[in-house]
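**Student:**
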Amino acid sequence: MSDQHAVVTGGAGFLGSHLVDSLLNDGYQVTVLDNFGSGRPENLEHVDAERFETINHDVSEPFPSLNNVGVVYHFASRASPKDFDSHAVEIALANGMGTHNALQFASEHEARVVLASTSEVYGDPEEHPQHEEYRGNVNVRGPRAPYDESKRFAEALAVAYEAQHSLDIRTVRIFNTYGPRMRQDDGRVIPNFLTQALEGKDLTVYGDGSQTRSFCYVSDLIAGIRAFADAPSEVAKGEVVNVGNTDEVTIFELAELILEIVDTDSDITYEPLPEDDPKIRRPDISKATGMLDWEPTIGLEKGLKRTIEAFDD
Ligand code: NAD
Ligand code: UDP
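Per full-length UniProt numbering, the sequence shown starts with residue 1, numbered consecutively.
Dropping the structure here:
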């Protein structure tokens with residue numbers, strides 16, 4: 001597939017820009033569609049391949065015309081809970097209209113689609129760990145609804161396009177991922193804690209810190225997504241897989257680990273837990289590890305140290 005043309009929506013963002021690097025390394029021609037809402041030109045400034053272009057485009061509008069596209073990675077959407085109310089409409093439309101436009105565009109090109117879904121489709125889960133078969137516990141009227149319900153709608157649209165247009169769509173449910181190129185003011189917990197620790201400020205634990213997450217280092221995530229995207233149709237067409245790391249920690253443990261790693265005078269302060277904040281989260285990745293030659297390899301301490309180096313730059 002090295003002569004293929006890939007479109008990456010959201011390619012100027014955290015995950016999208018790492019995906020762009022991976023595709024360019026494998027010889028793809030890559031076109032990024034991004035409105036630079038939460039993405040940054042700096043995430044792509046190291047790229048000098050002739051096989052690369054960026055188009056400033058909002059995915060909730062129909063896609064521009066492009067030549068011979070073989071695969072569309074639809075990653076455009078803000079993903080930080082901090083933005084779920086301030087950018088609620090933009091988020092809902094990026095996952096609603098944006099997914100429709102991505103799938104419509106892919107149909108015209110007969111291209112494969114890789115859809116970025118999320119562990120948020122499981123809501124505040126009542127099953128643990130979360131397997132792909134679990135249908136979730138999501139509050140349709142809650143403050144996270146513009147994000148989690150629009151991701152669920154995006155998945156439903158994928159099912160609709162598969163049924164009506166026989167498109168080859170692969171849906172990846174991404175669990176909490178971190179690493180270089182996250183914005184320090186992104187609002188998610190790892191950039192928050194690292195920035196606070198590096199600046200000698202207290203780490204803001206929401207609630208009592210007993211809620212859990214399972215953090216995946218970005219290179220592991222991208223390797224899993226690429227393995228899924230490149231798998232033969234007989235194996236992966238129409239499938240949904242969880243991709244993430246299964247090492248689960250409480251947010252309090254995460255804060256303590258960061259205080260241990262960073263030489264800082266910071267302490268921990270407690271702030272209110274946001275409404276509908278999921279209490280537990282850990283992916284069951286047996287489907288992905290069984291289907292693909294993939295498993296995560298980078299532990300939390302090692303990944304945090306690499307992220308700190310990037311934040312220090
Ligand atoms: P990010 O905010 O760094 O990247 C999102 C990118 O999409 C940015 O470049 C932004 O400018 C762009 N974008 C947003 N709305 C757009 C629009 N309407 N039109 C064009 N571009 C738009 O976030 P990220 O963490 O890299 O997330 C990327 C994708 O992965 C998202 O779809 C997100 O839902 C999904 N995801 C991420 C995580 C994670 O832990 N990072 C977890 C689950 C799902
Ligand atoms: N969190 C926290 N302090 C912060 C930011 C987040 O304690 O400064 C908590 C948040 O309440 C959640 C967890 O950390 O329980 C992960 O939050 P994040 O926003 O990174 O991602 P989420 O998994 O909630 O989408």
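Quick reminder that beta carbons are idealized off the backbone N, C-alpha and C, glycines included.
Is Ala27 near the ligand UDP - that is, is its Cβ less than 8 Å away from at least one heavy atom of it?
**Tutor:** In the sequence under discussion, the amino acid at residue 27 is Gly, which differs from the Ala named in the question. No, the ligand UDP has no heavy atom inside 8 Å of this Cβ.
**Student:** Note down, one range per segment and in chain order, each beta strand (DSSP E) of at least 3 residues found wholly within the region 223–267.
**Tutor:** 240–243, 248–250
**Student:** Using the rule of at least 16 other Cβ atoms within 10 Å of the residue's Cβ for burial, across every protein chain shown, is Asn137 buried or exposed?
**Tutor:** Under this definition Asn137 is an exposed residue.
**Student:** What does the alpha-carbon distance come out to for the pair Phe215 and Tyr178?
**Tutor:** 7 Å
**Student:** Please classify Asn67 as buried or exposed, where buried requires at least 16 neighbouring CB atoms within 10 angstroms.
**Tutor:** exposed
**Student:** With a threshold of 8 Å, are at least 3 pairs of Cβ atoms found where one atom belongs to the region 246–253 and the other to the region 194–212?
**Tutor:** yes
**Student:** Excluding the five sequence neighbours on either side, which residues of its own chain have a C-beta within less than 8 Å of the C-beta of Ser17, listed in chain order?
**Tutor:** Gly11, Gly39, Asn43, Leu44, Arg181
**Student:** Under a Cβ-count criterion, where at least 16 other Cβ atoms within 10 Å of its own Cβ denotes burial, should Val140 be classed as buried or exposed?
**Tutor:** exposed
**Student:** Counting pairs of Cβ atoms below 8 Å between the region 228–246 and the region 263–273, do you hit three or more?
**Tutor:** no
**Student:** May I ask you to report which of helix, strand or coil DSSP gives Ser107?
**Tutor:** Ser107 sits in a helix when the DSSP states are folded into three classes.
**Student:** DSSP three-state call for Arg306: helix, strand or coil?
**Tutor:** helix
**Student:** Name the residue from Ile308, Thr54, Leu15, Glu126 whose alpha carbon lies nearest to the alpha carbon of Ala223.
**Tutor:** Leu15
**Student:** Does the beta-carbon distance from Asp220 to Thr246 come in below 9 Å?
**Tutor:** no
**Student:** My parser needs the beta strand (DSSP E) runs of 3 or more residues fully inside the region 115–177; what are they?
**Tutor:** 169–174
**Student:** Compute the Euclidean distance between the alpha carbons of Ser2 and Gly200, then round it to the nearest angstrom.
**Tutor:** In this prediction, Ser2 has a pLDDT of 40, which is less than 50 and means its spatial position is unreliable; what the coordinates show is noted afterwards. Between Ser2 and Gly200, the C-alpha separation is close to 47 Å.
**Student:** If you follow the beta strand (DSSP E) that Ser214 is part of, which residue opens it and which one closes it?
**Tutor:** 212–214
**Student:** Thr195 and Asp202: beta carbons closer than 9 Å?
**Tutor:** no
**Student:** Name the DSSP bridge partner or partners of Tyr206?
**Tutor:** Glu271
**Student:** Would you report the Cα separation of Ser266 and Asp277, rounded to the nearest angstrom?
**Tutor:** 25 Å
**Student:** I'd like the span of the alpha helix (DSSP H) that includes Glu90, first residue to last.
**Tutor:** 88–95
**Student:** Can at least three beta-carbon pairs, one atom from the region 287–304 and one from the region 150–163, be found at a separation below 8 Å?
**Tutor:** These segments do not touch.
**Student:** The alpha helix (DSSP H) that contains Phe14, what's its start and end?
**Tutor:** 14–25
**Student:** Using a threshold of 8 Å, is the CB atom of residue 315 nearer than that to any non-hydrogen atom of the ligand NAD?
**Tutor:** Examination of residue 315 is not possible in this model, given that the chain is present from 1 through 313 alone.
**Student:** What are the residues that DSSP puts in a beta bridge with Tyr217?
**Tutor:** Tyr178
**Student:** In the DSSP assignment, what are the bridge partners of Leu33?
**Tutor:** Thr9, Ile55
**Student:** With distance defined between alpha-carbon atoms, name the residue in Gly123, Lys302, Glu127 nearest to Glu275.
**Tutor:** Gly123
**Student:** Count the other CB atoms within 10 Å of the CB of Ser83; is the residue buried (16 or more) or exposed (fewer)?
**Tutor:** Correcting the residue type first, residue 83 is Asp in the shown sequence and not Ser. So Asp83 counts as buried.
**Student:** Determine the contact status of Pro81 and Arg188, defining contact as a CB-CB distance below 9 Å.
**Tutor:** yes
**Student:** Quick one, which of Ile308, Val7, Arg306 has its alpha-carbon nearest Ile55's?
**Tutor:** Val7
**Student:** Can you list, in chain order, the residues of its chain with a C-beta nearer than 8 Å to that of Ile308? Leave out the 5 residues immediately preceding and following it.
**Tutor:** Leu194, Leu198, Ile261, Val262
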